[in-house]
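Enquirer:
Protein chains: 2
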Amino acid sequence: MTKVNQSRDSGTTQRSLTKQRLVETARELFYQNGYEATGIKQILAKAGVNSGSLYYFFPTKEDLLLAVLERYKELLWPMVLDPVFDRTGDPIEQVFGVLEGYRKMLLATYCRQGCPIGNLALEMSEKSDAVRKAVAENFEGWRVAIRQCLMDAGDRLPADVDRDRLATLILTTMEGGVMQARAHRNLEPYEASVAMLRDYVDRLLLHKSGGVSECAG
Amino acid sequence: MTKVNQSRDSGTTQRSLTKQRLVETARELFYQNGYEATGIKQILAKAGVNSGSLYYFFPTKEDLLLAVLERYKELLWPMVLDPVFDRTGDPIEQVFGVLEGYRKMLLATYCRQGCPIGNLALEMSEKSDAVRKAVAENFEGWRVAIRQCLMDAGDRLPADVDRDRLATLILTTMEGGVMQARAHRNLEPYEASVAMLRDYVDRLLLHKSGGVSECAG
DNA sequence: GTCTATAACTTGATAGAC
DNA sequence: GTCTATCAAGTTATAGAC
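In order, the protein sequence lines correspond to chains A and B. Remember, our numbering sits 26 above the position in the first sequence when you count from 1. Remember, our numbering sits 26 above the position in the second sequence when you count from 1.
(1) Quick check on Ser151(A): does DSSP put it in helix, strand or coil?
(2) To which residues of the same chain is Ser79(B) closer than 8 Å at the C-beta, ignoring the five residues directly before and after it?
(3) Could you check which residue in Met105(A), Leu125(A) and Gly202(A) has the C-alpha nearest to that of Phe165(B)?
(4) Please tell me whether, using a cut-off of 6 Å, the distance from the CB of Thr198(A) to the nearest non-hydrogen atom of the ligand COA is below it.
(5) Once you ignore the five residues that flank Leu223(A) on each side, which residues in its own chain have a CB closer than 6 Å to its CB?
(6) Only counting the same chain, and skipping five residues up and downstream in sequence, which positions put a Cβ closer than 6 Å to that of Gly144(A)?
(7) Less than 7 Å separating the beta-carbons of Ile69(A) and Leu55(A)?
(8) With a threshold of 7 Å between beta carbons, is Met177(A) in contact with chain B?
(9) Using a Cβ cut-off of 7 Å (strictly closer), state whether Ser154(B) contacts chain A.
(10) Could you tell me whether the Cβ of Met131(A) comes closer than 7 Å to any Cβ of chain B?
(11) Just list the alpha helix (DSSP H) runs in the stretch 31 to 111 of chain B, keeping only unbroken ones of 4 residues or longer that don't cross its boundaries, in chain order.
(12) Got a sec: is the Cβ-Cβ distance from Val161(A) to anything in chain B below 7 Å?
(13) On the criterion of 16 or more Cβ atoms from any shown chain inside 10 Å, does Tyr98(A) qualify as buried, or is it exposed?
(14) Return the CA-CA distance between Ser77(A) and Val220(A), expressed in angstroms with no decimal places.
(15) Between the beta-carbon of Leu95(A) and the beta-carbon of Ala160(A), is there less than 7 Å?
(16) At which residues does the alpha helix (DSSP H) containing Val220(A) begin and terminate?
(17) Assuming Asp132(B) and Ala207(B) make a contact with CB atoms under 8 Å, what is their CB distance in whole Å?
(18) Quick one: Cα of Ala171(B) to Cα of Glu50(A), how far?
(19) Taking Cβ to Cβ, would you say Ala162(B) is nearer than 7 Å to Met205(A)?
(20) Once the 5 residues before and after Gly137(A) are set aside, which same chain residues still bring their CB inside 7 Å of it?
(21) Run the CB neighbour count on Arg41(B), radius 10 Å, all protein chains shown included, and call it buried at 16 or more, exposed below.
(22) Does Ala209(B) have its Cβ less than 7 Å from a Cβ in chain A?
(23) Buried or exposed for Arg113(B), going by 16 or more other Cβ atoms inside 10 Å?
(24) Quick one: give me the first and last residue of the alpha helix (DSSP H) that Gly127(A) is part of.
(25) For a test of the three-state rule: what should DSSP assign to Asp178(A), helix, strand or coil?
(26) Of all the CB atoms in chain B, is at least one closer than 7 Å to the CB of Pro142(A)?
(27) Can you tell me whether Asp228(B) is buried or exposed? The criterion is at least 16 other CB atoms within 10 Å of its CB, across all chains shown.
(28) What is the DSSP secondary structure of Pro142(A), reduced to helix, strand or coil?
(29) Smallest Cα separation from Arg180(A): which of Leu125(A), Asp116(A), Tyr216(A) and Arg169(A)?
(30) Just to confirm the assignment: which complete alpha helix (DSSP H) runs, minimum length 4, are found wholly within the stretch 180 to 210 of chain A?
(31) Applying a beta-carbon distance threshold of less than 9 Å, which residues of chain B neighbour Glu149(A)?
(32) Between the C-alpha atoms of Leu232(A) and Trp103(A), what's the straight-line distance to the nearest angstrom?
(33) Against chain B, does Ser42(A) count as a neighbour if the rule is that its beta carbon must be under 7 Å from one of theirs?
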């Protein structure tokens, strides 16, 4: 009784339910426990799939991780950006709305879970170049979206402020803040980091029309 | 032929050479490969020590990690701060000198190695509360030293700028910048983050004597 | 304090029937 | 595409002689 199984993968969409379930389960477990600390058996048990099926789709554990990282790229807009961008059109508020989203995540998990990409960045960058690149692409997607907000802010920001580098600092603030909040199991380091970043941006917004020098005193 | 082995541990100092070697080797390997990915066998081989000796000193692998984290606390001043503080007495330059030290480390390792504490923070915070706390203490030592610099800067910084929170942002910038530099295997994200932080601090230094409002325009 | 040998278990991955 | 059974190697940790 050969089931007529959905098989064509148009683009990144997985038509196979088993494959989908595998990626989703692996995503959760890698997130909660890290890549090394998550066993294939564990993934299999939670997904309700047998070893044979997993290895039919993914030759190695690393290939499964790469699929997970592709999935995270797909989720950037629907999960991270859209909910914020739908609520406000002000590009500066969009930026801090995204940061507020991570604060809510920390709050909801009692500072136990942060950014899955950041976790993998530090754990895997030296172990697999393919993974490192997939992580970098995830960072880049996030950063480019934030940079677009900064560009949309137009002349509200001083002309000489580098939007590209400021977008990098914003991602830096999120990742560094999340890291400390998790280590201290306390929101304060995250909130402090974002508050100081906000102070910086506020100062930039107020002094938009030139360098700092013009009103030194 | 029972060797008269040095045994008393006065404080944190390890009088046993074997123990010292074990901690040092574990420190390197945990740094390079992460905690989970490093095997006891690997540590034993590199240190030239037998399994029996390791377990004589450390009941579990986690205890070894805790000793490593204690060691990092001891190393903060001699390895991270003193080399910078000896070169300059200006507290603001001390802060950015420390950040420059991490840049040099990234440069020397082609962006392969960053901050060992940051790695452990993300890998271990959910797995062991003892490790999480030891990581938090390491962060706190670093942050307190930087905060002292900011306090030493006195009225060069505006009175209403929260030194404590600014110190947090500085650690955040280091950790977040290092993370992205490693993921992209490129110094730019780190340099961009630090440059923007410097711009922020420069603006604070110039506008020390009050709020932003006084010269809005 | 250090040695060797090994227990007890888990790991990622494979084979081959269906 | 999915199933079961299993491999070979690796894991942390222990036992007991010296």
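Ideal Cβ positions, reconstructed from N, Cα and C, are used throughout, including at glycine.
Expert: Walking through what the data contain:
(1) Coil.
(2) Only Thr44 and Leu48 meet the Cβ criterion.
(3) Relative to the Cα of Phe165(B), the nearest Cα in the group Met105(A), Leu125(A) and Gly202(A) belongs to Gly202(A).
(4) Here there are no bound small molecules, and the ligand COA is not part of this structure.
(5) Thr199
(6) Closer than 6 Å at Cβ, skipping near neighbours: Glu201.
(7) yes
(8) Answer no: the Cβ-Cβ gap between Met177(A) and chain B never drops below 7 Å.
(9) no
(10) no
(11) Positions of the alpha helix (DSSP H) runs, each at least 4 residues long and wholly inside the stretch 31 to 111 of chain B, are given as 43 to 59, 66 to 73, 77 to 83, 87 to 101 and 108 to 111 in order along the chain.
(12) yes
(13) Tyr98(A) is buried by the Cβ-count criterion.
(14) 44 Å
(15) With a cutoff of 7 Å on beta-carbon distance, Leu95(A) and Ala160(A) are scored as near each other.
(16) Glu214 to Leu232
(17) For clarity, residue 132(B) is Leu in the given sequence; the question names Asp instead. Contact holds; Cβ gap of about 5 Å.
(18) Cα atoms of Ala171(B) and Glu50(A): separation of roughly 43 Å, rounded to the nearest angstrom.
(19) no
(20) The question names Gly, but residue 137(A) is Cys in the sequence shown. So the list reads Ala207, Arg208, Arg211, Asn212 and Leu213, once near-sequence residues are dropped.
(21) exposed
(22) yes
(23) Classification for Arg113(B): exposed.
(24) Pro117 to Ala134
(25) Residue state, collapsed to three classes: helix.
(26) No, Pro142(A) lies away from the interface with chain B (no Cβ there is under 7 Å from its Cβ).
(27) exposed
(28) helix
(29) Reading off the sequence shown, one finds Gly at residue 180(A), where the question assumed Arg. The shortest Cα separation from Gly180(A) among Leu125(A), Asp116(A), Tyr216(A) and Arg169(A) belongs to Asp116(A).
(30) 189 to 210
(31) Under the 9 Å cutoff, chain B gives Gly60, Glu62, Ala63, Asn145, Leu148 and Glu149.
(32) 30 Å
(33) no
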